[in-house]
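Residue numbers (the numbering used here), protein chains in the order written: chain A, -9 to 523; chain B, -9 to 523. Reviewing the structure listed below.
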């Protein structure tokens, strides 16, 4: 049995102007928490970035989420810890004590992952430890001028960890070498030695039989380089409607996303235990919003692929108007591969069965197939009190060819009225170019005007289907206080964005309007559900 | 001698919802033309998109620019023509009669290129025609349900063309197969036959010895696929500070740019006359603004590589508030390859010697090395009357580590005061992450609020240099009525964006402000030049 570890390697010359000790922020300030997400994990107080060590405990039937954590401020800073939370449904999270911390205040336990060492290859466990709870974390130890890969094990189901006495397990004398993602690979092969050249944008794949001794097997670079790679991942993903699967390499870049700041990309290919070979040299993004970074998959998932990301962006993460915490994760998503125009694409969907109960279901259409015009805007009649709802819209574009001009509809997500005003963000569809868009600009609210908070984003979509020659599209969206996750066409494209309404405001209402006088859109179904916390 | 032609191939199933017959717009409306660029080419009236057939006439010493042209409306529509303009300095353009037109009103002469057939391989010329003026255009003939590659020749220096009697020269029975870019390749080899599979994102390279009979040599796909490829190009680009060069494949994607809509990417590699092999599978963009598409290089340039693009974006090109024309080109740019962190990158710079005379030069600093604080904003004292100016700013970031918060300066491009208000766009630099940004949002003006007019864009930059450990950056910008071209760090990154101030307003003034109380930026030089038309 071979363990294979993907480790990011970037060079000594990289400077991290974004990663600087933050001005300390008074965490004792009492706020109303009006904009804290309900089913997206947030730390009670302090700063969070990358999710780490995601795994499922099959015995306790419990999901574990660790995360990059600075409890002392709402901005990144050292000492940096692995915070910890658990959930039995992936939407309600209990935060626990810090799981792993550094030895000194000017150091950090940087990102990493967890593998369950069922067969005790590491020798850390004895027979009293349930094989499903033989938990080994591998992470980057960030000490002055050096980043090494270290390991630690837990004898209590993942709540506390003991560091391996002979750490580090990988040291290439680099201060930019981090974010190991470890997984078991079942096929045994002898291990090869590779060269260990340090480069700015390179994923290195190591192998080990005991989690302690590692051998470099191969390097990988492709796609959009940005300034540097972070947080790699490698996992086998099933292809829809087939018994086949392909390997997917995930990697994150920051800074330098074409959208600005942080983004996750992926590659589809084959992996023989030693080397990942992509099928093509296409650059693909996992999520095309601005707030989806450092994606990681869960270990120990029996069927399929499940993962989540940090729902923020280094361009502005330390300035968002939340207090006394900063940042949430995305929801956990199931991934598959799907052929779209003869090319394999990653799809993303959430498991709706784990969502909280709906307390108010609005089927706006009563009858099916309502034609939308500017005389008949669709306004839901719930005034949501939770700030948490989802919606499912399927529609058809009635004309084959559409002239420029009045060609779109908007879905308005409105706040409650407060201080005589309503704040809205807007998503919608433009039929002339098959584009979905989101506009999270809110006039008169300061934060959305910041120079890096790109407010207008768009996604080109192939139709989900054709009804005769007419294009059919679908959109599932879930809104949770200050975050909106959009899944277009049954998850073919995902787009995650945070937004920030004025103080005290959060999403209350949803409305569909169009600028077209003649009916251009036929709504086949519009179902909105307010969800209980 | 082998001619090699790059031809775009995309499949039959592609639908072009953006490309629809426009509502006719009254071109007789008299407007003030307050926002018509002065040194960026615009057609006097009507619609323009891709630049076509760019070449230099060495005998007449004249630059020729053809362009996708609909004279009947300010939106795309058929019949579509090759418009034509010439210039002897690349900044003052004379528009001429239409050069090539379709046979029927529901057809179009789509994009293509021009090669000078010095040796009369085509047989179209006799000895009375100067070898520098043996002009052959190759373009896509768009007829119902079919796109073929056709050729035409000119006997009068490029003003009128005669279509080849045996057109088409390439017909693969596809209605999505277009935008040929032809060039001479000096090394003779026999020609190979390749297979001609139709795919959505594929560049095909053909060879010919006479411009009439073409053989498919190879296919190429890489990078960011978007929805489809358009407008390829292939040219040898010199490497700075060396006698070496590499081949660069250009290709455009639309829709589906990660920034939204249209973008140009490029690949660096080798070309043997038959096949282009990229050095790596990196995705790189030619310009990271939103208004730079369908880039094409000029034929017959003696030294170096010169090209220009359409300075608009299919997401909103047919809605911008200009009348009675829509769209301009970019300025012509010189390209080289430069090593940036051990990787070859395309650089872009304009030749400043061809710019109009400066009529007002403001060296704001008098003395060198002025420290910028929020108590000392820098306001230029010219109230520009032309709407055309450039600026050159070199600065140093004084602190190595910068905390989040007040970390940036803004360069404001202000309009004249009109109707009691000043409209501004903002560019600037954030030191905490080495990011340049532009914000072209203008409150209270309708067009910049459109859902696809992404207003905030950013560029991560490596420092141009270090002064001891302090980062040094430079920025050259040129503003021309409704367009701003930015060249960061001596052309390492280029960013082109249009902007639209309120009616009657255009750029008049430039101002540098910062939010930092303590000096964080030391301006080494700030030179602003108002330029004459």
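All C-beta atoms, glycine included, are put in the ideal place defined by N, C-alpha and C. Quantities reported herein were computed from a predicted structural model and do not represent experimental measurements.
CB contact check: residue i to chain B, cutoff 7 Å
{"i": "residue 242(A)", "result": "no"}
{"i": "residue 59(A)", "result": "no"}
{"i": "residue 506(A)", "result": "no"}
{"i": "residue 386(A)", "result": "no"}
{"i": "residue 271(A)", "result": "yes"}
{"i": "residue 14(A)", "result": "Because residue 14(A) carries a pLDDT of 41, less than 50, the predicted location of this residue cannot be relied on, and the following value inherits that uncertainty. Not one chain B Cβ lies under 7 Å of residue 14(A)."}
{"i": "residue 250(A)", "result": "yes"}
{"i": "residue 317(A)", "result": "no"}
{"i": "residue 217(A)", "result": "yes"}
{"i": "residue 69(A)", "result": "no"}
{"i": "residue 98(A)", "result": "no"}
{"i": "residue 246(A)", "result": "yes"}
Pair within 7 Å by beta-carbon distance, residue i and residue j
{"i": "residue 317(A)", "j": "residue 38(A)", "result": "yes"}
{"i": "residue 463(A)", "j": "residue 415(A)", "result": "no"}
{"i": "residue 46(B)", "j": "residue 291(B)", "result": "yes"}
{"i": "residue 248(A)", "j": "residue 257(A)", "result": "no"}
{"i": "residue 285(B)", "j": "residue 276(B)", "result": "yes"}
{"i": "residue 28(B)", "j": "residue 523(B)", "result": "yes"}
{"i": "residue 481(A)", "j": "residue 337(A)", "result": "yes"}
{"i": "residue 469(A)", "j": "residue 400(A)", "result": "no"}
{"i": "residue 413(B)", "j": "residue 431(B)", "result": "no"}
{"i": "residue 137(A)", "j": "residue 96(A)", "result": "no"}
Assumed close pair residue i, residue j - CB separation to whole angstroms, cut-off 8 Å
{"i": "residue 127(B)", "j": "residue 43(B)", "result": "5 Å"}
{"i": "residue 52(A)", "j": "residue 59(A)", "result": "In fact, because the Cβ distance is near 19 Å, the residues do not count as touching under 8 Å."}
{"i": "residue 308(B)", "j": "residue 83(B)", "result": "About 22 Å separates the two Cβ atoms, so there is no contact after all."}
{"i": "residue 153(A)", "j": "residue 161(A)", "result": "Residue 153(A) to residue 161(A), Cβ: 15 Å. No contact."}
{"i": "residue 36(A)", "j": "residue 315(A)", "result": "6 Å"}
{"i": "residue 475(B)", "j": "residue 321(B)", "result": "6 Å"}
{"i": "residue 509(A)", "j": "residue 335(A)", "result": "Residue 509(A) to residue 335(A), Cβ: 32 Å. No contact."}
{"i": "residue 327(A)", "j": "residue 236(A)", "result": "6 Å"}
Residue i CB to nearest heavy atom of the ligand COA below 6 Å
{"i": "residue 304(A)", "result": "The ligand COA is not part of the structure shown, which contains no ligands of any sort."}
Contact with chain A by residue i, beta-carbon distance below 7 Å
{"i": "residue 429(B)", "result": "yes"}
{"i": "residue 448(B)", "result": "yes"}
{"i": "residue 442(B)", "result": "yes"}
{"i": "residue 73(B)", "result": "no"}
{"i": "residue 185(B)", "result": "Only weak support exists for where residue 185(B) lies, its pLDDT of 30 falling under 50; the coordinates are left without a value."}
{"i": "residue 409(B)", "result": "no"}
{"i": "residue 339(B)", "result": "no"}
{"i": "residue 415(B)", "result": "no"}
{"i": "residue 188(B)", "result": "Reliability fails at residue 188(B), whose pLDDT of 39 lies under 50, so the model's placement of it is uncertain and no value is given."}
{"i": "residue 223(B)", "result": "no"}
{"i": "residue 501(B)", "result": "no"}
Sequence-distant residues of the same chain with beta carbon closer than 8 Å to residue i, five excluded per side
{"i": "residue 411(B)", "result": "434 and 492"}
{"i": "residue 423(A)", "result": "450"}
Option nearest residue i by Cα separation, candidates the options
{"i": "residue 166(B)", "options": "149(B), 130(B), 33(B) and 400(B)", "result": "130(B)"}
{"i": "residue 456(B)", "options": "145(B), 86(B), 387(B) and 497(B)", "result": "387(B)"}
{"i": "residue 228(A)", "options": "349(A), 325(A), 485(A) and 451(A)", "result": "325(A)"}
{"i": "residue 345(B)", "options": "337(B), 335(B), 328(B) and 379(B)", "result": "379(B)"}
{"i": "residue 518(A)", "options": "496(A), 467(A), 506(A) and 512(A)", "result": "467(A)"}
{"i": "residue 262(B)", "options": "175(B), 428(B) and 136(B)", "result": "175(B)"}
{"i": "residue 376(A)", "options": "231(A), 135(A), 520(A) and 41(A)", "result": "520(A)"}
{"i": "residue 420(A)", "options": "453(A), 408(A), 444(A) and 439(A)", "result": "453(A)"}
{"i": "residue 212(B)", "options": "122(B), 170(B) and 240(B)", "result": "240(B)"}
{"i": "residue 487(A)", "options": "499(A), 478(A), 210(A) and 472(A)", "result": "472(A)"}
Own chain partners of residue i with C-beta closer than 7 Å, once the 5 adjacent residues on each side are dropped
{"i": "residue 369(A)", "result": "501"}
{"i": "residue 151(B)", "result": "89, 90, 127, 142, 143 and 144"}
{"i": "residue 75(A)", "result": "31, 55, 83, 84, 85 and 86"}
{"i": "residue 216(B)", "result": "243, 244, 245, 246 and 247"}
{"i": "residue 442(B)", "result": "250, 251, 305 and 306"}
{"i": "residue 300(A)", "result": "39, 40, 41, 283, 284, 317 and 319"}
Other residues of its chain near residue i: CB distance less than 6 Å, five sequence neighbours each side excluded
{"i": "residue 157(A)", "result": "140"}
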